[in-house]
Each structure stands twice: as C-alpha cells, then as structure tokens.
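Below is one structure, written out as structure tokens; comments come after it.
Numbering (this note's numbering), first residue to last: 1470 to 1885.
Encoded structure:
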C-alpha cells in the first residue's frame, strides 16, 4: 500500500535490512524452530545488530531512533517470516524497552537500554498473573521497601520471553491508595532474582518462551514514580497493541499471498481454482480486510509519532487486525484444502499463530470495552448533533448557486 506519510531514507534502508534478515536468517529455520518450540539465543543478537532490538529507542541509548510507523512495518515484515520471533521482538521493544525509555530515570536508561537495544539482553514485561490480566486491581504480586531497594513476592503468568529474559519489568502492588484500591508501581528486576517456573506450551507461537515466573523476596528497583504503575502500563500497552496489530497484519499477509498464488496455480476441472466464484469471494474478503487492517495499524502508529493519545486507535487496530488475521488464515487453509491442513505447508502455523493476536495484550473483548468507553465519551448532545447535521446537510443534487434539479427516477433526499 502507499503510505500517507512517506518514509525517510533511513527508515527505508532499515526495512530493507529487516527484509533481508527475515529472508536469510529467519525463514529457512522457521519450521525447525516451531518444531523445537525454541528460538536460538543468537537470533536476538543478530537482530540487535541491525537495530531490531531497539527500533524506537533514542540513538544515545543505542537505539535506532525510528518512527512507530517504521517499527510497525518492521514487525509486520518479520511476522510474515516467523511470528514467534516477531512477537518476542515486538514485546521486547514496546513493553520492556518502551517502559524504561518512557519512565525510567536517566541513570536507569544509561544502565539498561544500551544492553537491551543491542540484543545483548532480552527484556520481558510482567503484568499478567493467574488471577489478574487486564484487571490491574486484581494484581497480587507485592513489593515492599527494603533499604535502598524493594523486595518483590508473587507470581506472573503468560510472560513472553520470561524464562530467557535478562531483565524483567514487573508490575506489583506497593500498598493501598486513599480510596482503598491497590497502589500499583513498576519495577526493574534482573534475571538472577527471577525463578522461571516453567515454559507454558501454547497452541501457537510455539517457539516463544511463554513463561510462568515466581518472585521470592526478589530484589528490584522502582521504575518511575511510586503509585504510577497502572498509568505506565496503560501507556505502554497503547504502543504494544499497535505492535500486535502489525504482527497480525504480517501473518495475514503471508497467508493471503500463499492463497492467492495457489488459487492461480491449482487446477481443477480444467481451470485454475481462482476462476471459481467461491474462491474469488474468499480472496476478495481477505484482500479488503488485509488492506483495512494495515491502514488502521499505520494510522495508530502515525498518531503515536505525533505524540497523540492512541488508546482508542490502538485498540481498534489490534481488534480489527487480529480478528481479520484469523479469518484470512482460515480462508487460506480452506483454499488450500488438504494441503493447507497438513504440516507440509505453513498455513496451519499461520492460523495457530494468528489466534494469539486476539488474546495477547488484551483480549478482543477487552478491546471492545476500551473502544466503547471512548466512543461513548465522544458522543455529542442530541440537539447539537441534529443542528450540526442540518447545517451540513447539503443537497447532493443542488448545483452550485442554483436550485436542486429533480432528475427522473432520482430522489433529492429531502422530505416533504
């Protein structure tokens, strides 16, 4: 698609490097990594060398200093090759690196960001617990002051790269507010303070190290202002959801491209199956959803680049792109028939991986709640809305400076 805001030369160069990295360092090994349910550590180091581990982070901390639009396109391109790796890199950038970059003290940024952005370290982000996900009020992990640091106790669940991370940003309670609710704060914790309980084996994204973590009097340092952890997390998630949307677009594009090629090449009854209307309609629906998904994703990313609040737009992009990706991958499997259902092709992997995008970083149901709150707040008083409508109601059949001309068989749109 043509971008509304063209990329600069540095961004175009970076995306070419990402494309080459995906083609040579990722695609040839994707099936094996998925079978092994594990990513080699060195792939993150290689990703760091081209700037994938610090895409938006400032250059003074070792980052590439790119726009959110460029980062979204990079996640999309990498997602086409292998979604597990793209998801890990997206989470590392948007969540762990993102929160330290936005809310960390200067000494924390200088201490941690260069090693994270280079790929020397992998960063994880710990919000979800067995009894708390999008509901931060249900967080049970607790942090208590202990001299010049804090002790953290609790569990985290479904943490991307949790067991292999060198640093984890942990969201925990630090007491009660004046209204009796949990006071939420964020912390930085090193890997020697984290017990990786187990890898959680998942339906899709199999090579990603989705983990259960335990903290027992684990030493940590506070990140940002005490009691601001919830606000920090929500800000970080606005950007993370754009990454998930971009990932969904990448998976969907890979599935669509294969389905489109297969429809042109597969012959049945003497014709390419793409000549049959049933196949054409599936391709048309997928093409429209794919285009709309990318537009919504890049629009949200562009608003981030402008410094605007994107809570609604991020949720819309994630919701639409992720649910569309599942449908597009399902249609691709249907078009491929038995071949698509087999493990000989990556179609079944695309479908498994796409499903995660409807769950991770807030389920589709949570996204609908977020969007609904914003839409209802934006509603205008009914009288004002009616007045604006009347003032703007220009008759489409009225020539400029003249009267409306009634055309044969055409209504002017005005009531009597």
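C-beta atoms are modelled at their ideal positions from N, C-alpha and C, and glycine is treated no differently.
Please report the residue range of the beta strand (DSSP E) in which residue i lies.
i: residue 1652; result: 1651-1659
i: residue 1643; result: 1636-1645
i: residue 1614; result: 1611-1615
i: residue 1667; result: 1664-1668
Under DSSP, the alpha helix (DSSP H) around residue i begins and ends at which residues?
i: residue 1805; result: 1780-1805
i: residue 1750; result: 1746-1774
i: residue 1506; result: Residue 1506 -> no alpha helix (DSSP H), and no H or E assigned at all.
i: residue 1571; result: 1567-1572
i: residue 1537; result: 1537-1550
i: residue 1486; result: 1478-1490
i: residue 1841; result: 1833-1846
i: residue 1519; result: Premise fails: residue 1519 is in no alpha helix (DSSP H) and is neither H nor E.
i: residue 1576; result: 1575-1586
i: residue 1823; result: 1816-1825
Closest to residue i by C-alpha separation, out of the options, would be which residue?
i: residue 1526; options: 1809, 1571, 1548 and 1667; result: 1571
i: residue 1775; options: 1537, 1505 and 1758; result: 1537
i: residue 1664; options: 1701, 1633 and 1509; result: 1633
i: residue 1548; options: 1487, 1655, 1514 and 1834; result: 1487
i: residue 1610; options: 1521, 1604, 1621 and 1602; result: 1621
i: residue 1843; options: 1778, 1860 and 1789; result: 1778
i: residue 1797; options: 1752, 1832 and 1812; result: 1752
i: residue 1429; options: 1573, 1629 and 1728; result: No answer is possible for residue 1429: the residues shown for the chain start at 1470 and end at 1885.
i: residue 1689; options: 1662, 1816, 1709 and 1808; result: 1662
i: residue 1800; options: 1786, 1782, 1823 and 1671; result: 1823
i: residue 1657; options: 1646, 1635, 1819 and 1668; result: 1635
i: residue 1745; options: 1755, 1732 and 1754; result: 1732
i: residue 1495; options: 1736, 1558 and 1534; result: 1558
i: residue 1523; options: 1579, 1511, 1529 and 1587; result: 1587
i: residue 1683; options: 1671, 1675, 1719 and 1631; result: 1631
i: residue 1821; options: 1480, 1794, 1833 and 1841; result: 1794
i: residue 1605; options: 1493, 1713, 1770 and 1701; result: 1701
i: residue 1830; options: 1791, 1730, 1807 and 1805; result: 1791
i: residue 1764; options: 1742, 1787, 1780 and 1743; result: 1787
i: residue 1515; options: 1491, 1710, 1785 and 1714; result: 1491
i: residue 1835; options: 1603, 1582 and 1520; result: 1603
i: residue 1772; options: 1725, 1719, 1827 and 1711; result: 1711
i: residue 1543; options: 1476, 1575, 1857 and 1653; result: 1476
i: residue 1817; options: 1672, 1782, 1703 and 1755; result: 1672
i: residue 1680; options: 1598, 1714 and 1719; result: 1598
i: residue 1674; options: 1560, 1540, 1839 and 1852; result: 1560
i: residue 1715; options: 1563, 1697, 1686 and 1667; result: 1563
i: residue 1612; options: 1698, 1582 and 1581; result: 1698
i: residue 1485; options: 1539, 1848 and 1720; result: 1539
i: residue 1576; options: 1493, 1489 and 1691; result: 1691
i: residue 1827; options: 1847, 1860 and 1784; result: 1784
i: residue 1728; options: 1614, 1666, 1805 and 1720; result: 1805
Under a Cβ-count criterion, where at least 16 other Cβ atoms within 10 Å of its own Cβ denotes burial, should residue i be classed as buried or exposed?
i: residue 1738; result: exposed
i: residue 1478; result: exposed
i: residue 1757; result: exposed
i: residue 1649; result: exposed
i: residue 1452; result: No statement about residue 1452 is possible, as the shown extent of the chain runs from 1470 to 1885 and does not include it.
i: residue 1811; result: exposed
i: residue 1750; result: exposed
i: residue 1508; result: buried
i: residue 1503; result: buried
i: residue 1815; result: buried
i: residue 1530; result: buried
i: residue 1875; result: Legend: pLDDT at residue 1875 = 44, less than 50; position of this residue unreliable, value from coordinates given subsequently. Under this definition residue 1875 is an exposed residue.
i: residue 1879; result: Note that residue 1879 scores 37 on pLDDT, short of 50, meaning its location in the model is unreliable; the coordinates nonetheless yield the value given after this. Under this definition residue 1879 is an exposed residue.
i: residue 1873; result: Residue confidence for residue 1873 is low, a pLDDT of 43 falling below 50, so the modelled location carries little weight; the figure read from the coordinates is stated next. It counts as exposed.
i: residue 1501; result: exposed
i: residue 1730; result: exposed
i: residue 1480; result: buried
i: residue 1851; result: exposed
i: residue 1734; result: exposed
i: residue 1535; result: buried
In the DSSP output, which residue or residues are listed as bridge partners for residue i?
i: residue 1684; result: 1623
i: residue 1690; result: 1657
i: residue 1737; result: 1740
i: residue 1598; result: 1601
i: residue 1592; result: 1636
i: residue 1855; result: DSSP, once it has assigned bridges, lists no residue as partnering residue 1855.
i: residue 1561; result: Paired residues: none, contrary to the question.
i: residue 1618; result: 1615
i: residue 1628; result: 1680
Taking 8 Å as the CB-CB limit, is residue i close to chain C?
i: residue 1728; result: Given the protein chain composition of this structure (a single chain), no chain C is represented.
Is any non-hydrogen atom of the ligand GDP found closer than 7 Å to the C-beta of residue i, if you look at the structure I gave you?
i: residue 1595; result: Summarising the ligand content, the structure contains no ligands, and the ligand GDP is consequently not present.
inquiry  = Three Cβ pairs or more, each shorter than 8 Å: is that satisfied between the segment 1594-1609 and the segment 1640-1648?
reply    = yes
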